[in-house]
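Have a look at the structure below, then the notes.
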Amino acid sequence: MKEQEIARIITAQRQFFNKGITRTVDYRKKSLKRLQRTIVQYEREIFNALYADLGKGDYEAYMCEVALVLSEISFMLKHVNGLAKDQRVKTPLAHMASRSFVRPSPYGAVLIMSPWNYPFLLSLTPLIDALAAGNTVVLKPSAYAPNTSLVIQKIIRDCFDADYVEVVLGGREENVSLLQMRFDSIFFTGSKSVGQEVLRHAAQYLTPVTLELGGKSPCIVEKSAKLSLAAKRIVFGKFLNAGQTCVAPDYILCDECMKEDLMQALIREIKLQFGTDPLTNTMYGKIVNQKHFDRLVELIDHSKVVIGGGADQQGLKIEPTVLRDVAWEDKIMQEEIFGPLLPILTYRTYDEIFERFYTMPSPLAFYIFSENREKIGQALTRCQFGGGCVNDTVVHLATSEMGFGGVGESGMGAYHGEVGFSAFTHYKSILDKKTWLDLSIRYQPYQKKNFTFLKK
């Protein structure tokens, strides 16, 4: 899509927004219901596209993408009336004879840029939040998931006119063109480096930005943890979508006294969940493209492999791989892995964890497995992170009841449910002053007799 065409779409959306149609809650709900019906109708095409792009089977595609999108729509249909109405707040005595309230107001023309790893979920969920809040949307899905992006475009064009919601396909050229345009809000999910570019371009127009980035999310296994259950849940969270999950446990940090037992538990779970030959498991996903496949293969130090390490060049698949005796200085610890490689590091004393984390960027997610509530409390209080789980992994994002987002280098802002509605909303603070009473204390000439009253 050429820059001129993108500019025409944004102009048309801004004109449509200015008509005030999207400000009515009834219009928003009708739009969401139409999207809900169309997603159900396209379910088979969505599954086929996710399999073509990432090797996801129907079960994982529904559980981790389609179901969560439908859940977000259900939440908004149930709550949007309350979220969109004026919120009455207390008025100070100094403003006597007035009413104070906050009015939720949509930003206007919104840009949503989504990634390739969960291309349906991470495109449609922020879109749902933006529409529930009353905005128009230009959606730019990733070029790395072309089949899913095409299905998304078909769904959106079946549901909406381009002056309300439009999907822009393409790659770097389209991204650059979009970021040069003026939007009223930008929502970006992806890498830190691209996020920095988004923020730099947004600064030109002082556009508010929500950034959902990533980082090396740690998984602490404390010595009181139930090892078999910990291993089961770590293996699920780490190797879901072949490790291409922004909140996947990036590495394990465990008490050195339990390292061997933990490794054996992980080996058992990998075999149970993926079989003895994961490369032939049709329910186990593939790496998105050759570039990322080659990068991940280079990170594997075969002298440290406990299980896995094998790869299928033609199928772009890498076995679930666990590595032992990994040091903080190793190459695999210098970048977010974003693949099915799980390094294990150890600590001797619990305080070592916090000393280490204080020197590192704040991750998007944080996980701790422990039966010691005091140790859990210390970790949750002293470590800075976006969100996380106690005695589980990744599932904290699978809810519309609390926000999901990063902090520091892992992002800014959050979304999902009520927090997602807020991400695409400006809240106008309004004081409605009555005309039947007017206190003279604030007007000049100031009088000494009013000074004591003013202090009170």
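Each number in my numbering comes from the position in the sequence shown (counting from 1) with 227 added on. Every residue gets a Cβ at the ideal spot worked out from N, C-alpha and C, and that includes glycine. This structure is a prediction, so every number in the text was calculated from the model and none was measured.
Does the count of Cβ pairs from the region 469 to 479 and the region 496 to 508 closer than 8 Å reach three? Cβ pair count under 8 Å is below three, so no.
* Closest to leucine 607 by CA distance: which of Ile527, Phe593, Tyr642 and Glu598 is it? -> Distance from the Cα of leucine 607 is smallest, within the candidate group Ile527, Phe593, Tyr642 and Glu598, for Phe593.
Q. Is glutamine 240 buried or exposed, if buried means 16 or more other CB atoms sit within 10 Å of its CB?
A. By the neighbour-count rule (16 or more Cβ atoms within 10 Å), glutamine 240 is buried.
(Q) Which residues does DSSP list as the beta-bridge partners of aspartate 539? (A) The partner list for aspartate 539 (beta bridge, DSSP) reads Lys544.
* To do: Determine the DSSP secondary structure at methionine 303, reduced to helix, strand or coil.
  => Helix.
Using the C-alpha atoms, what's the distance from lysine 450 back to lysine 602? Distance from the CA atom of lysine 602 to the CA atom of lysine 450, rounded to whole angstroms, is 10 Å.
Problem set entry | Boundaries of the alpha helix (DSSP H) in which alanine 554 is found, first to last residue | According to the DSSP assignment, alanine 554 belongs to no alpha helix (DSSP H), since it is labelled neither H nor E.
Under 8 Å between C-beta atoms of isoleucine 527 and alanine 469: Here isoleucine 527 is not near alanine 469, since their CB atoms are 8 Å or more apart.
What separation, rounded to the nearest whole angstrom, lies between the Cα atoms of proline 547 and glycine 464? Distance between the alpha carbons of proline 547 and glycine 464: 12 Å.
**Asked** How would you call arginine 271, buried or exposed, if buried means at least 16 neighbouring beta carbons within 10 angstroms?
**Response** The Cβ neighbour count for arginine 271, taken over all protein chains shown within 10 Å, is under 16; the residue is labelled exposed.
- Work out the CA separation of isoleucine 461 and histidine 623 for me, nearest whole Å. Answer to the nearest angstrom: the Cα atoms are 14 Å apart.
query: Once you ignore the five residues that flank tyrosine 432 on each side, which residues in its own chain have a CB closer than 8 Å to its CB?
result: For tyrosine 432, same chain residues with a beta-carbon under 8 Å away, outside a window of 5 residues either side, are Arg409 and Phe410 in chain order.
Could you tell me the distance, in whole angstroms, from the CA atom of asparagine 374 to the CA atom of aspartate 280?
-> Asparagine 374 and aspartate 280: Cα-Cα distance of roughly 6 Å.
Expected contact under 8 Å - CB spacing of glycine 361 and arginine 255 to nearest Å
Approximately 6 Å separates the beta-carbon atoms of glycine 361 and arginine 255; this is inside 8 Å, confirming the contact.
Do you know how far the Cα of lysine 246 is from the Cα of lysine 367? So the two alpha carbons sit approximately 24 Å from each other.
| By Cβ distance, which residues of its chain are closer than 8 Å to lysine 486, with the 5 residues on each side in sequence left out? | Apart from the 5 residues on each side of it in sequence, lysine 486 sits with its Cβ closer than 8 Å to the Cβ of Arg551, Ile571 and Thr573 in its chain, given in chain order.
Notebook entry, point to check: Tell me which same chain residues have a C-beta within less than 6 Å of the C-beta of serine 656, skipping the five on either side of it?
Noted result: Apart from the 5 residues on each side of it in sequence, serine 656 sits with its Cβ closer than 6 Å to the Cβ of Val329 in its chain, given in chain order.
Inspect the CB distances between the region 411 to 418 and the region 383 to 395 and report whether three or more fall short of 8 Å. Cβ pair count under 8 Å is below three, so no.
Between the CA atoms of lysine 676 and arginine 669 - distance to the nearest angstrom: CA-CA distance, arginine 669 to lysine 676, rounds to 13 Å.
Handout entry: Uninterrupted beta strand (DSSP E) stretches inside the region 250 to 329 (no shorter than 3 residues)
Key = Counting whole runs of 3 or more residues, the region 250 to 329 contains the beta strand (DSSP E) stretches 314 to 316.
Below 8 Å between beta carbons: does that hold for leucine 338 and valine 296? No, these two residues do not count as a Cβ contact at 8 Å.
- Item | Residues of its chain near phenylalanine 648, where Cβ-Cβ distance is below 7 Å and the 5 sequence neighbours each way are ignored | The answer, listed in chain order, is Leu310, Asp356, Ala359 and Ala360.
### Query
Using a Cβ-Cβ cut-off of 7 Å (strictly less than) and excluding sequence neighbours within five positions of leucine 259, which residues of its own chain qualify?
Ile300, Met303, Leu304, Ile355, Leu358 and Ala359.
Review point. Where does proline 353 land, buried or exposed, given buried means 16+ other C-beta within 10 angstroms?
Key: That one is buried.
In the DSSP assignment, what are the bridge partners of cysteine 686?
Outside the shown range of the chain, which is 228 to 683, sits residue 686, and nothing can be said about it.
Between alanine 276 and the rest of its own chain, which residues show a CB-CB distance below 6 Å, the 5 nearest in sequence each way excluded? Excluding residues within five positions, the ones whose Cβ falls inside 6 Å are Asn374, Thr375 and Val378.
### Query
Skipping 5 residues on each side, what residues in its chain have a beta carbon closer than 6 Å to that of tryptophan 343?
Excluding the 5 residues flanking it on each side, tryptophan 343 has same chain C-beta neighbours closer than 6 Å at Ser369, Tyr371, Ala372 and Val515, in chain order.
| query | Does DSSP put glycine 635 in a helix, a strand or coil? | reply | Glycine 635 carries a helical assignment under DSSP once its states are collapsed to helix, strand and coil.
Straight-line Cα distance separating histidine 428 from alanine 234
Taking the straight line joining both Cα atoms gives about 16 Å.
- Message: Tell me which residues share the same chain as phenylalanine 244 and place their Cβ nearer than 8 Å to its Cβ, disregarding the 5 neighbours each side in the sequence.
- Response: Pro333, Gly335, Ala336, Asn362 and Thr363, listed in sequence order.
message: Going by DSSP, what residue range makes up the beta strand (DSSP E) through serine 420?
response: It is not in any beta strand (DSSP E) - serine 420 instead sits in the alpha helix (DSSP H) that spans 419 to 430.
Note to self: If the criterion is Cβ atoms closer than 8 Å, does the pair serine 589 and serine 667 meet it?
What the structure shows: For the pair serine 589 and serine 667, the CB atoms are not nearer than the 8 Å cut-off.
Practice task
Pull up the CB-CB distance for alanine 452 and serine 597, whole angstroms please, since I reckon it's below 8 Å.
Solution key: The pair is a contact, with the Cβ atoms about 5 Å apart (cut-off 8 Å).
Contact defined as beta carbons within less than 8 Å: I believe methionine 323 pairs with leucine 681. What is the distance between those atoms, to the nearest angstrom? With a Cβ gap of about 14 Å, methionine 323 and leucine 681 do not count as contacting.
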